[in-house]
Amino acid sequence: MQRVLVTGGCGFGGSHLVARLVRDGARVTVLDMVDYTAAQRARFPELGQARVHRGDVRDLDALTALLEAGPCDTVFHLAAQPLVPLSIEKPFETLDVNARGTYAVLEACRLAGVEALVVASSGAYYGTTSTDQPIPETAAPLPSANLYASGKAAADLAAQGYAHTFGTPVGVCRFMNTYGPGDGNTSRLVPRCLALLASGAPLDLGDRDDGTTRLDFLHVRDMTEAYLRVARYVVDKGGRDAVFNIGTGRATAIADVARTLSVMFDGGTRKPIFRGEPRKVRSVKYLDVAKARELLGWEASISLEAGLSELVRELR
7 MQRVLVTGGC GFGGSHLVAR LVRDGARVTV LDMVDYTAAQ RARFPELGQA
57 RVHRGDVRDL DALTALLEAG PCDTVFHLAA QPLVPLSIEK PFETLDVNAR
107 GTYAVLEACR LAGVEALVVA SSGAYYGTTS TDQPIPETAA PLPSANLYAS
157 GKAAADLAAQ GYAHTFGTPV GVCRFMNTYG PGDGNTSRLV PRCLALLASG
207 APLDLGDRDD GTTRLDFLHV RDMTEAYLRV ARYVVDKGGR DAVFNIGTGR
257 ATAIADVART LSVMFDGGTR KPIFRGEPRK VRSVKYLDVA KARELLGWEA
307 SISLEAGLSE LVRELR
């Protein structure tokens, strides 16, 4: 990983990954439609050493030119439309970016002959689930309530197809509910709770859920380490069967996350407000991470309690 391209490198997870790569000595090029914010640059001075190229991940010619100009040996593909509410409002745009954007990255990497491509997939690949069992990588995709999941599943399957058809050295990371420092997306649970606590407003978490959902929450620094482990694995072993669940292997009720943040903030026992229609069947999703532990030597190192505590300290 000497010369690296990161698509979507100006996003939440991307900025953490780019900073880590720079610290590790890589020469990093970023392809994104936006630039780093002042807050990101203040948090990560390393970002100033990355070369940011403004562009659209769906532009195959631009991608190919970037890879050849480097030349780049490793690509991390993080570019996506990640907002579930926006996927409902703009389904075509979401599918176009998340699916066709990945197709362009796969083809550009095939043509350029990169040593490793790592694709950021999602636990959303598995659709809407309710069984209280960890989900293995062999589970089939299920229908989902939004087009974000559909786009991620399409991208995931295409990545596997390139590996098996062309021998493209590609690894797929199915991440779960990443949180951590620098996430300003208040449509997600943890940043929304933090924003409400900081403003003194009630913990009103909207109508997307009834509060009974149980999910796997992964700290962004654990995610960053997983990206690097998968890239090394792909270089060593190739892209066949290089699909990994990346999570903690534990599910936590979202209402409990909100209550924990409240107590950590000021000792208050605020009752989180969920306005979603009551569900007949509770939504549960957490991943079986045994494969990552065995083949990558990776497992989550930051507990949910420690990760949330770090974020609350930043508010003070």
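Just so we're aligned, residue 7 is where the sequence shown starts under the working numbering, counting upward by one. C-beta: ideal position from N, C-alpha, C; glycine also.
With DSSP as the reference, please indicate the residues paired to residue i in a beta bridge.
{"i": "residue 37", "result": "13, 59"}
{"i": "residue 286", "result": "Looking at the DSSP assignment, residue 286 forms no beta bridge with any residue, so it has no partner."}
{"i": "residue 214", "result": "Beta-bridge pairing links residue 214 to no other residue."}
{"i": "residue 191", "result": "Residue 191 pairs with nothing; no bridge assigned."}
{"i": "residue 153", "result": "In the DSSP output, where bridge partners are listed per residue, residue 153 has none listed."}
{"i": "residue 100", "result": "Beta-bridge pairing links residue 100 to no other residue."}
{"i": "residue 126", "result": "179"}
{"i": "residue 220", "result": "259, 290"}
{"i": "residue 94", "result": "Per DSSP, none; premise fails for residue 94."}
{"i": "residue 250", "result": "179"}
{"i": "residue 230", "result": "Per DSSP, none; premise fails for residue 230."}
{"i": "residue 81", "result": "11, 123"}
{"i": "residue 184", "result": "224"}
{"i": "residue 141", "result": "293"}
{"i": "residue 279", "result": "210"}
Grab me the residues of residue i's own chain with a C-beta within less than 8 Å of its C-beta, minus the 5 sequence neighbours each way, in chain order.
{"i": "residue 313", "result": "185, 186, 223, 225"}
{"i": "residue 263", "result": "195, 196, 199, 223, 310, 314"}
{"i": "residue 151", "result": "134"}
{"i": "residue 21", "result": "15, 42, 46, 49, 50, 53, 188"}
{"i": "residue 29", "result": "52"}
Thinking C-beta only, is residue j closer than 8 Å to residue i?
{"i": "residue 134", "j": "residue 148", "result": "yes"}
{"i": "residue 129", "j": "residue 293", "result": "yes"}
{"i": "residue 209", "j": "residue 268", "result": "yes"}
{"i": "residue 180", "j": "residue 127", "result": "yes"}
{"i": "residue 79", "j": "residue 121", "result": "yes"}
{"i": "residue 32", "j": "residue 8", "result": "yes"}
{"i": "residue 288", "j": "residue 136", "result": "yes"}
{"i": "residue 310", "j": "residue 275", "result": "no"}
{"i": "residue 36", "j": "residue 63", "result": "no"}
{"i": "residue 6", "j": "residue 84", "result": "Residue 6 falls outside the range modelled here, since the chain spans only 7 to 322, and no answer is possible."}
{"i": "residue 249", "j": "residue 166", "result": "yes"}
{"i": "residue 140", "j": "residue 255", "result": "yes"}
{"i": "residue 132", "j": "residue 291", "result": "yes"}
{"i": "residue 195", "j": "residue 260", "result": "yes"}
{"i": "residue 10", "j": "residue 27", "result": "yes"}
By alpha-carbon positions, which one of the options ends up nearest to residue i?
{"i": "residue 245", "options": "62, 178, 196, 44", "result": "178"}
{"i": "residue 286", "options": "218, 258, 64", "result": "218"}
{"i": "residue 271", "options": "322, 277, 44", "result": "322"}
{"i": "residue 227", "options": "207, 317, 247, 11", "result": "317"}
{"i": "residue 212", "options": "205, 193, 204, 203", "result": "193"}
{"i": "residue 315", "options": "163, 273, 146", "result": "273"}
{"i": "residue 175", "options": "205, 140, 112, 151", "result": "112"}
{"i": "residue 72", "options": "306, 110, 320, 260", "result": "110"}
{"i": "residue 241", "options": "45, 69, 173", "result": "173"}
{"i": "residue 144", "options": "30, 150, 163, 138", "result": "163"}
Between which residues of its own chain and residue i is the CB-CB distance below 6 Å, once the five residues before and five after are set aside?
{"i": "residue 216", "result": "280, 282, 284, 285"}
{"i": "residue 115", "result": "81, 123"}
{"i": "residue 169", "result": "176, 245, 246"}
{"i": "residue 304", "result": "232, 235, 298"}
{"i": "residue 308", "result": "225, 228"}
{"i": "residue 278", "result": "209, 211, 261, 264"}
{"i": "residue 204", "result": "321"}
Quick one: residues in its chain with C-beta nearer than 7 Å to the C-beta of residue i, no 5 flanking neighbours on either side, listed in chain order?
{"i": "residue 183", "result": "221, 222, 223, 224"}
{"i": "residue 229", "result": "19, 181, 184, 252"}
{"i": "residue 161", "result": "104, 105, 108, 125, 127"}
{"i": "residue 74", "result": "118"}
{"i": "residue 190", "result": "197"}
{"i": "residue 4", "result": "A question about residue 4 goes unanswered here, because the residues of the chain that appear run from 7 up to 322."}
{"i": "residue 336", "result": "Residue 336 cannot be examined here, being either before or after the span of the chain that is shown, 7 to 322."}
{"i": "residue 99", "result": "87"}
Return yes when at least one heavy atom of the ligand ADP lies under 7 Å from the C-beta of residue i, else no.
{"i": "residue 79", "result": "The ligand content of the structure shown is nil, which means the ligand ADP is not present either."}
Item to complete: Flag this pair as touching only if the region 225-235 and the region 297-306 have three or more C-beta atom pairs under 8 Å; answer yes or no.
Response: yes
Item to complete: Report yes or no: do three or more beta-carbon pairs, one from the region 83-92 and one from the region 14-30, lie closer than 8 Å?
Response: yes
Worksheet item: Should the region 89-109 be called in touch with the region 43-58, which here means at least 3 C-beta pairs below 8 Å?
Response: no
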